[in-house]
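What follows is a single structure, written as structure tokens, with notes after it.
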Amino acid sequence: MRALITVMLCAFASIGHADRIFVSNERGNTVTVIDGTSWEVLTEFNAGQRPRGIIVSPDGTKLYVCASDDNIVRVFDTTTLEELHTLPSGPDPELFVLDPSGRRLYVANEDDNLVTVVDTQTHEVLAEVPVGVEPEGMAVSPDGRFVVNTSETTNMAHFIDTQTNVIRYNALVDQRPRYADYSPDGTRLYVTAEIGGTVSVFDIAEDGSPTPAGKITFDVPGVQQEWLQPVGGLVTGDGKWLFVALGPSNRVAAVNTQTLKVEKYILVGERVWQLAFTSDEEYLLTTNGNTNDITVIDVDKQEALRSIQVGQQPWGVAVAYGLN
Amino acid sequence: MKTALKLDHVSFDYGQKAALKDVSFSVADGTFCALLGPNGAGKSTLFSLLSRLRIPAKGQIDISGRSLLQDPMHGLAGMGIVFQQPTLDLDTTVRQNLIYFAGLHGLRGVDAHHSITRALTRMRMSERADEKVRLLNGGHRRRMEIARALVHNPRILLLDEPTVGLDAQSRKDITDHVHDLVAEGLAVLWATHLVDEIGDHDQVVLLHEGRIIADGPAQTLRGEDRLLDWYLHRTHAENVMP
Amino acid sequence: MRRCVHILTAAVLVVTATAATAVEVKLGMVRVDYPTLRPISRLDETPSDSGFSGAQLAVQDNATTGQFLGQTYRLDTRNTMPENALEVVRKLTSQGVRIIALSARPADLLAVADAQTDTLFLNVSASATHLRAGDCRGNVLHITPSNAMRADAVAQFASVKRWKRWFLVHGSNDVDRVMADEYRRSAIKFGLDIADEREILDTGGARRADTGHVAVQRQIPVLVQNPSRHDVVIAADASDVFAPYLPFHLWDPRPTMGASGLRPVSFNPATEAWGGTQFQSRFEKLANRYVTEADYDAWLGLRAVGEAVVRTGSNDPQVLRDFMLSDAFELAAFKGQPVTFRDWNGQMRQPILLFDGRINASVSPQEGFLHQTSPLDTLGLDRPESPCTAFEGDP
Amino acid sequence: MNHYLTAFQVIGMRELRRFFTQRGRFLSALVRPLVWLLIFATGFRAALGVSIIAPYQTYITYETYILPGLCAMILLFNGMQSSLSLVYDREVGPMRLLLTAPLPRWWLLFSKLTASVLVGCLQVYAFLAVAVLFGVKLSLAGYVLILPALIGVGLMLGALGLLLSSVIRQLENFATVMNFVIFPVFFLSSALYPLWRMRESSELLFYVCSWNPFTYAVELVRFSAYATSAPVQMAIVAGSGVVFFLLANHLYDPARR
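In structure tokens:
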């Protein structure tokens, strides 16, 4: 069966070069694979216990999945979907980032207040960096010099120097920071605070130090303020737009990064969690945890186009560009 | 002379209440027939039957020799009707009102235009063709409605108390106009309760409590009396008689 | 005062690990232990570290955060007999501990709070509504939800389920009758109807015996015999005398809420949503047992203080209290939305979990209950209802 | 046959002319759905959106959901208003003039009905145009494809109005009709809430709604607006429209009175 699927997928691979989309289903213990052109679900495969964080290596060949309840990171081949190996992650890994070279993986361990640094080639733990209570969000600066971790109960963003694996800066943000993302030129950092209901914006200096540059707030008529909970966030390649997933308010906000004002709220499924772009940033994908689907958003028009059913409780989404 | 309109033993009732009882009379071409009677005599019911808004319970109605019941389209095409209440679109011009009506009778384009011009000329309303109806006085509005009833060139003209609410001069003008039409060969059935609208040579059909109690030329019916005295006497006498 | 707080907040927004001002925060927890009968169910036995472990976890969490800001925390925990409560508190304050989480019954709580007006107390166990109303004190913040909040949480759920006719069964002790009054008030507030009522007499004595269910199976149905038509049974049994038996010994089979069946609680060991799993595993690692409401309330109180310290950079109880009561304060509490304080009576606003013993069946406030400031204020004493004056004239 | 078309044409022109001169009627036809769209839709708890149901491909805001229902509501009001005027004005006024035209009564009724449906469609498009200003819009194809659906639905509702007015003599004024016809027909349909939502609150309500032809009218408009075929809805709308009209025409036969 597995072989058949592989053959099928390879057949797909040979006809086009669209994106292949991977969605981790937290409750379903699977990863759903979707064709980025036809939006058909190609297959769904087992990815260990409670898969959450999911990323594709910079070269597009490997898929990393945090199997939170297995306390490991599973690594799959993006073409054959075979499991290649696992990586140590520390306990209860949720979110992680790869440095731009794809060589080092930084994993947030929620239970142990640690960020674990793993070598993707030797599969060894290089370091464990103590951070605040309940580390969650992870971001890496475009030049790879800093890794940012947000701790949910400490309410801080910790800037870890990747040379020394020591925290260099700390910045207080609002309640329960969930996610961080650098602008592509590395001069800005955005940190979402789920319970605080805000996104903190920092200007990043040459030396990587943050200066508060403002806060983004949200307001949807008719929606209780309490439901506007920023979770995942993503900046466009030109740095002009920041998309923020607003959890239980079922909306993605499109924020103008010049004015730090929300220009549009796009309705998606329930409990929208994480975001990813398809190639050339044509589409934005959202995982909707409570409605078990992902929504495809036209990035230029900022309009939701369609929603696709995936597995149970989709959590994260990653895209392998030009694979299908 | 040919019979334009003929009622034969026509009866009608609204449930328990009889409105018309065994009504028979006829009107010939070129005749002005006054359907005379006090309010509630059944005049309006009779007009409803003639304009086919209602169907008689018993009896026959012939228009130009053909049954209205069996061939209603023929009957309605040959009739021009002026209703008691105005049926005008006030915010449009006289001509637009007439174009609408012409259309209902299948006239369009140049044909409609000619028919409308002719009808307005007959009622001496040509110069008012492009005025808004709202701006016309009561008398002109009525003349316009009569003109409209003539657009499709009918053989019979039915008018249900057409002078209600008009001043004396307008009433006289309209009554005279319609008498002129009769001279052109049209049959006219004119419902009224006002005897001064009736000439001595006109046919009078006296309707009282749903029955016809007199039918003949006004001159003959009144004898030596004034028509008004005769009318009051007959309708009053009938009231007291069993 | 408010303005000053904001300036402080801005000042500490970005801190490097080296350049932080050192602040030492001394926290205390005093637990008054009362002689009580053992609970009906041995699963409800109170652990000896009840509340203390929650307080410890809070201080650990505060300290982890504090390390990046140069803030250190110290916790002193004391348990005491009621008669020594005041003395124990005095001893702590004399050692400079002026922020104390207090687990005591209303009378002792008031006595201690009135004797130590320069100390900030966090009420982490007493639910009595009068402590938030006529008996409120300016130096007491209430972490534990009031009985009014709990009753309203139940009433909102019943209202959503359209269980409009209530059969109220309450105990015979004062606390039970007061609780029954809470439900009566709540029923009126949400337009529900108390179709019938029964009082079950507390005859005293041990609650557990070897005869167990056999005797109960005969007694309870008789006590609740032939009730008027009702949709749900509401148990008001603050003394833990009969409620756990109620669900399966009713005359008419109906769901039970209140003291058994679906219970309104501030927290429980089954809560995993809103990041709760992390809290549970941190707590279990620390205490080697499941969390209780007492632990959560203690944790929440001292975490609120820690958050105020982080945002103000101060360890002054007055500054911290004022900040906690201000609009600037908010705290994530594993309940899906920020918790804050009501500035008219010092009660913490928070969702109430409706727990069936294994899972959370629902959470109040329920969807559709609207409020002009916060839906959380549909639970308990709202500003216009509050007779409390101790907080007036605050910034 | 030419006569028929001529009459049809002048009846239509007259309705249109009246529509453009009667600004009050036009405005109220526009304000009613806009109130729903702008005030109720944003204030209600459905602010969290409506889950995917055919013909939508993703989640939609409540405003988007009720748009087709409001279009159908315009046609409902319009249809009831013009059908009732047809009845009440039968004895007097312009209607009498119309009914004395030498054409079969069914054709006159049909022409009048169609003319008022065209006016209803104009009202719908005016409403849709205003809705765009508030950010609630359809695709270009939707605006085109919606027209046949609107006409079909309008005819069906007009025929329903005719039928009701000839069956129930107590419908004396428009307020009664609002209370006893328009509101139940509108509220007990999928116009404001999807059927699954109705089912959540009451099974009975759900069945009532699924037997309400207006539900299918709303759904036909909805599917057409999203360029999705809806054969079942189309059949029900057409079928009930024809049945209503035949029954109404039968009851209108002057020979019956």
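Residue numbers (the working numbering), protein chains in the order written: chain A, 176 to 499; chain B, 97 to 338; chain C, 130 to 524; chain D, 328 to 584. For glycine and all other residues, C-beta sits at the position ideal for the given N, C-alpha and C.
Practice item. Give a yes or no on whether 8 Å exceeds the smallest Cβ distance from H201/B to chain D. Key: yes
Practice item. Check whether the Cβ atoms of R279/A and T297/A sit closer than 8 Å, and answer yes or no. Key: no
Review point. If we call anything under 8 Å between Cβ atoms a contact, is D424/C one with G157/C?
Key: no
**Study point:** For L270/C, the nearest candidate out of T246/C, W292/C, K155/C, K290/C (CA to CA)
**Key:** T246/C
**Study point:** Contact test: T388/D Cβ vs the ligand MN heavy atom, cutoff 7 Å
**Key:** What this structure holds is no ligand at all, so the ligand MN is not there to describe.
Check your understanding: Residues bridged to Q354/C by DSSP?
Key -> For Q354/C, which the question treats as bridged, DSSP gives no partner whatsoever.
Check your understanding: Can a CB atom of chain B be found closer than 8 Å to the CB of V446/D?
Key -> no
Check your understanding: By the 10 Å Cβ neighbour count, where 16 or more other Cβ atoms means buried, how is K476/A classified, buried or exposed?
Key -> exposed
Point to revise | Span of the alpha helix (DSSP H) around L534/D | key: Note that residue 534/D corresponds to Tyr in the displayed sequence, not to Leu. From DSSP, the alpha helix (DSSP H) with Y534/D extends over 530 to 537.
Point to revise | Whole-angstrom distance between E445/A and Q354/C, CA atom to CA atom | key: 46 Å
Exercise for review: For chain B, find out if any of its Cβ atoms is closer than 8 Å to the Cβ of R584/D; answer yes or no.
Suggested key: Below a pLDDT of 50, predicted positions are generally treated as unreliable, and R584/D, at 44, falls in that range; the measurement from the model is reported next regardless. Yes - at least one Cβ of chain B is within 8 Å of the one on R584/D.
Check your understanding: Tell me the DSSP bridge mates of Q299/B?
Key -> C129/B, P313/B
Review point. Thinking C-alpha only, which one of R238/B, L149/B, H304/B is nearest R432/D?
Key: L149/B
Exercise for review: Measuring alpha carbon to alpha carbon, tell me which of Y458/A, V474/A, G307/A, N465/A ends up nearest V485/A.
Suggested key: N465/A
Check your understanding: Taking the runs of the beta strand (DSSP E) that are 3 residues or longer, which of them lie wholly in the segment 413 to 450 of chain A?
Key -> 416 to 420, 426 to 431, 436 to 442
Exercise for review: Go to V289/C, then tell me how far its alpha helix (DSSP H) extends in each direction, as first and last residue.
Suggested key: 276 to 290
Review point. Between the C-alpha atoms of W434/D and Y331/D, what's the straight-line distance to the nearest angstrom?
Key: 8 Å
Check your understanding: For S482/A, which beta-bridge partners are listed by DSSP?
Key -> T470/A
Check your understanding: Is the Cβ of I379/D closer than 8 Å to any Cβ of chain A?
Key -> yes
Check your understanding: For the candidate residues F412/C, P235/C, G390/C, whose alpha-carbon lies nearest to that of D287/A?
Key -> F412/C
Check your understanding: From V226/C to T441/C, what distance separates their C-alpha atoms?
Key -> 18 Å
Practice item. Compare the C-beta of V337/D with all C-beta atoms of chain B and state if any pair is closer than 8 Å. Key: yes
Exercise for review: Could you spell out the range, first to last residue, of the alpha helix (DSSP H) harbouring I563/D?
Suggested key: 558 to 579
Check your understanding: On the premise that V322/A lies in contact with T337/A, defined as a C-beta separation below 8 Å, what is that separation, rounded to the nearest angstrom?
Key -> 6 Å
**Study point:** Continuous alpha helix (DSSP H) stretch holding L289/A: start and end
**Key:** Unbroken run through L289/A is the beta strand (DSSP E), 289 to 294; no alpha helix (DSSP H).
**Study point:** Extent of the continuous beta strand (DSSP E) to which N356/A belongs
**Key:** The question names Asn, but residue 356/A is Asp in the sequence shown. Per DSSP, D356/A belongs to the beta strand (DSSP E) from 352 to 357.
Practice item. Kindly indicate if chain A contains any beta-carbon less than 8 Å away from that of T555/D. Key: no
Review point. Is there a Cβ from chain C that is less than 8 Å from the Cβ of N288/A?
Key: yes
Practice item. Please decide whether Q466/C counts as near chain A, where near means a Cβ-Cβ distance under 8 Å. Key: yes
Exercise for review: Enumerate in chain order the residues of its own chain whose CB-to-CB distance from R132/C is below 7 Å, with the five nearest sequence positions on each side excluded.
Suggested key: Only weak support is given to the placement of R132/C: the predicted model assigns it a pLDDT of 38, under 50, and the question is left unresolved by the model.
Exercise for review: In the DSSP assignment, find the unbroken beta strand (DSSP E) run with P263/A in it and report its ends.
Suggested key: 258 to 263
Check your understanding: Of all the CB atoms in chain D, is at least one closer than 8 Å to the CB of A451/A?
Key -> no
Exercise for review: Please list the residues of the segment 362 to 378 of chain A that have a C-beta atom closer than 7 Å to any C-beta atom in chain C, keeping them in chain order.
Suggested key: I370, G371
Exercise for review: Rounded to whole angstroms, what's the CA-CA distance from I169/C to V292/A? Just pull it up for me.
Suggested key: 51 Å
Review point. Are there 16 or more other CB atoms within 10 angstroms of the CB of V569/D, so buried, or fewer, so exposed?
Key: exposed
**Study point:** Neighbour list for N576/D in chain B, Cβ cutoff strictly below 7 Å
**Key:** Those within 7 Å of N576/D in chain B number zero; the least Cβ separation is about 15 Å.
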